[in-house]
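Worksheet: the structure to be examined is printed underneath.
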Amino acid sequence: MSILLTPARTARLFAALAAQQQSLPSKQHPVPLPHCPAGRHRPHQVILKGDGTGLDFIGCGHAFTLTREALLAGLAAQRAV
Ligand SMILES: [Zn+2]
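At position 45 of the sequence shown the residue is numbered 112 (my numbering), and the sequence of numbers has no breaks.
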């Protein structure tokens, strides 16, 4: 089952993912992956589908559907990090 993410939640998630990716080169203060929006756990991997229509959280097994509006909000937030 796939869960629909709102643009606001997608924006927060993408910003957190971008911050996490940017932290990798230093490794001294690694930023953890953001919590799964459907639970309290942290995934060990988050995969954006190639066509931008969904996010898969590896580790807890949740999958999210992104509308085009949500994807655009997420990408804008990602660029702003
Ligand atoms: Zn989850």
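For each residue, glycine too, the CB sits at the ideal point set by N, CA and C.
All of these numbers come straight from a predicted model, not from anything done at the bench.
Inter-residue spacing [alpha-carbon to alpha-carbon] between residue i and residue j
| i | j | result |
| --- | --- | --- |
| Cys103 | Gln87 | 14 Å |
| Leu122 | Val113 | 7 Å |
| Ala130 | Phe124 | 6 Å |
| Gly126 | Pro110 | 5 Å |
| Arg79 | Ala144 | 7 Å |
| Lys116 | Thr132 | 10 Å |
From the options, residue whose alpha carbon lies closest to that of residue i
| i | options | result |
| --- | --- | --- |
| Arg146 | Ser69, Thr73, Gln89, Ile70 | Gln89 |
| Val148 | Pro74, Leu138, Ala83, Pro99 | Ala83 |
Environment of residue i [buried if 16+ CB atoms lie within 10 Å]
| i | result |
| --- | --- |
| Pro97 | exposed |
| Leu138 | buried |
| Leu71 | exposed |
So if I measure from each beta-carbon to every heavy atom of ligand 3 and keep distances below 7 Å, which residues remain?
This structure lacks ligand 3; its bound ligands are ligand 1.
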